[in-house]
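Below is one structure; the comments refer to it alone.
There are 2 protein chains.
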Amino acid sequence: MTRRKIKIDKIENEDSRKVTFSKRRSGLFRKARKLCTSHDAQIAVVTFSLAGKLFSFGLPSVDSVVDRFLGNETNSSSSSSNESSRDNEHRPSSSSKGSIASKERQSWRALPIEGMDLDVDELQQYKASLEVLKSNVANQLEEIKDRQARTRDFIGLIDAP
Amino acid sequence: MTRRKIKIDKIENEDSRKVTFSKRRSGLFRKARKLCTSHDAQIAVVTFSLAGKLFSFGLPSVDSVVDRFLGNETNSSSSSSNESSRDNEHRPSSSSKGSIASKERQSWRALPIEGMDLDVDELQQYKASLEVLKSNVANQLEEIKDRQARTRDFIGLIDAP
DNA sequence: GGCTATATATAACG
DNA sequence: CGTTATATATAGCC
Numbered sequence: 001m002t003r004r005k006i007k008i009d010k011i012e013n014e015d016s017r018k019v020t021f022s023k024r025r026s027g028l029f030r031k032a033r034k035l036c037t038s039h040d041a042q043i044a045v046v047t048f049s050l051a052g053k054l055f056s057f058g059l060p061s062v063d064s065v066v067d068r069f070l071g072n073e074t075n076s077s078s079s080s081s082n083e084s085s086r087d088n089e090h091r092p093s094s095s096s097k098g099s100i101a102s103k104e105r106q107s108w109r110a111l112p113i114e115g116m117d118l119d120v121d122e123l124q125q126y127k128a129s130l131e132v133l134k135s136n137v138a139n140q141l142e143e144i145k146d147r148q149a150r151t152r153d154f155i156g157l158i159d160a161p
Numbered sequence: 001m002t003r004r005k006i007k008i009d010k011i012e013n014e015d016s017r018k019v020t021f022s023k024r025r026s027g028l029f030r031k032a033r034k035l036c037t038s039h040d041a042q043i044a045v046v047t048f049s050l051a052g053k054l055f056s057f058g059l060p061s062v063d064s065v066v067d068r069f070l071g072n073e074t075n076s077s078s079s080s081s082n083e084s085s086r087d088n089e090h091r092p093s094s095s096s097k098g099s100i101a102s103k104e105r106q107s108w109r110a111l112p113i114e115g116m117d118l119d120v121d122e123l124q125q126y127k128a129s130l131e132v133l134k135s136n137v138a139n140q141l142e143e144i145k146d147r148q149a150r151t152r153d154f155i156g157l158i159d160a161p
């Protein structure tokens, strides 16, 4: 496609295939998120890879949207449904243990690694956790930037002649 | 966005807004379909517009994927660690479902982000720190692997005929 | 994972 | 709805 061609027909490479799927899935989720935020829609995307792995995206949450889809309008009314415009505040506050959070906040600037004495397996898990965490942070940043960009546009609209 | 900018903040035009949403939704579904066909994945996309109207896409069908999702969700309490997927791979963003991943794991595995209440600048610093940390961990892993590889070679040397 | 050259997607127009 | 000028998405690398 981009940058030459591609031919994900056979397997080409079991590994490349996974990478490609991951990237495209990210793109799909990104688009879903944008659609949610820019149109105040509720969207759930549920994905099963060929291997059977589950990946999902949902706003406000996968479950709430699925519930609503199934006919159960439980508490999915946390977003504006009736009012004129948007005020939807999406805060990823699931179940924060305040204790750990505050403790980590003070220490994440140091982000220790020496003296942890981890074995290889633990190190690998650590690395994986860090990648996931970084993705979370990156996503959160993207969301905030998007929101701010839209706010700036809006302000520019009413400020501009 | 394209061809000038856009400012879908207020209503701009109740009609244009609907058209835009429709187009973007089509694009989202198109991408989902591509992802399904090119990777043999099963995907469901459920969308509720601000007005409450339901639009959905699913392959093989929305219901089948949702059913599978519900099944996977309920029996996901397979207790102990795991063979692979789901915890590390489960996409961040707004993916829901309670992360099982924090109870019996050590504090560094949790490395919370929710409830930390960081502003944009802090988030960026956080992200940068995480990248550095991850590089360090990755380097450490490489060193260890390399050392082990050389050790294996050495053992193989004296073991081999 | 980040970068970058292309391919896609799409907002405004006709 | 088709076209076109831009904005996005992403395949191949590193």
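Same order as they appear, the protein sequences are chains A and B. Start counting the first sequence at 1; every next residue gets the next number (UniProt numbering). Start counting the second sequence at 1; every next residue gets the next number (UniProt numbering). The beta carbon of each residue, even a glycine, is placed where N, CA and C say it ideally should be. On a predicted model such as this, the values are computed, not experimentally measured, just so you know.
From residue i to residue j, what does the alpha carbon distance come to, in whole angstroms?
{"i": "SER26/B", "j": "PHE57/B", "result": "10 Å"}
{"i": "ASP15/B", "j": "SER135/B", "result": "49 Å"}
{"i": "LEU141/A", "j": "VAL132/B", "result": "18 Å"}
{"i": "THR47/A", "j": "HIS39/B", "result": "11 Å"}
{"i": "VAL120/A", "j": "ILE144/B", "result": "7 Å"}
{"i": "LEU49/A", "j": "MET1/A", "result": "Checking the sequence shown, residue 49/A turns out to be Ser, not Leu. Roughly 21 Å separates the two Cα atoms."}
{"i": "LYS23/B", "j": "GLU122/A", "result": "46 Å"}
{"i": "ARG3/B", "j": "GLN125/A", "result": "45 Å"}
{"i": "SER129/A", "j": "ASN139/B", "result": "16 Å"}
{"i": "ASN72/B", "j": "THR151/B", "result": "43 Å"}
{"i": "PHE69/A", "j": "VAL137/B", "result": "43 Å"}
{"i": "ASP117/B", "j": "LYS127/B", "result": "14 Å"}
{"i": "VAL66/B", "j": "ASP67/A", "result": "10 Å"}
{"i": "LYS5/A", "j": "ALA51/B", "result": "41 Å"}
Using a Cβ-Cβ cutoff of less than 8 Å, which residues in the same chain neighbour residue i once the five nearest sequence positions on both sides are dropped?
{"i": "LYS34/A", "result": "ASP146"}
{"i": "GLN148/A", "result": "none"}
Per the DSSP calculation, residue i is bridged to which residue(s)?
{"i": "ILE43/B", "result": "THR47/A, LEU59/B"}
{"i": "LEU54/B", "result": "PHE48/B"}
What residues in its chain sit with their C-beta under 6 Å from that of residue i, if we drop five residues either side in the sequence?
{"i": "GLU89/A", "result": "For GLU89/A, the predicted structure reports a pLDDT of 28, less than 50, and the residue's modelled location is therefore unreliable. The matter cannot be settled from this model."}
{"i": "VAL62/B", "result": "ALA44, SER56"}
{"i": "ASN13/A", "result": "none"}
{"i": "LYS53/B", "result": "none"}
{"i": "GLN42/B", "result": "VAL65"}
{"i": "ALA32/B", "result": "ILE43, VAL45, PHE57"}
{"i": "CYS36/A", "result": "ILE43, LEU59"}
Residues in its own chain within less than 7 Å of residue i by CB, not counting five upstream and five downstream?
{"i": "PHE29/B", "result": "VAL45, PHE57"}
- request: Residues of the region 123-144 of chain B with a CB closer than 7 Å to any CB of chain A: list them in chain order, please.
  value: LEU123, GLN124, TYR126, LYS127, SER129, LEU130, GLU131, LEU133, LYS134, ASN136, VAL137, ALA138, GLN140, LEU141, ILE144
query: Residues in the region 28-47 of chain B with C-beta within 7 Å of chain A's C-beta atoms, listed in sequence order?
result: LEU28, LYS31, ALA32, LEU35, SER38, HIS39, ASP40, ALA41, GLN42, ILE43, ALA44, VAL45, VAL46, THR47
- request: With 9 Å as the C-beta to C-beta threshold (strictly closer), list the residues of the region 50-65 of chain A near chain B in chain order.
  value: LEU50, ALA51, GLY52, LYS53, LEU54, PHE55, SER56, PHE57, GLY58, LEU59, PRO60, SER61, VAL62, ASP63, SER64, VAL65
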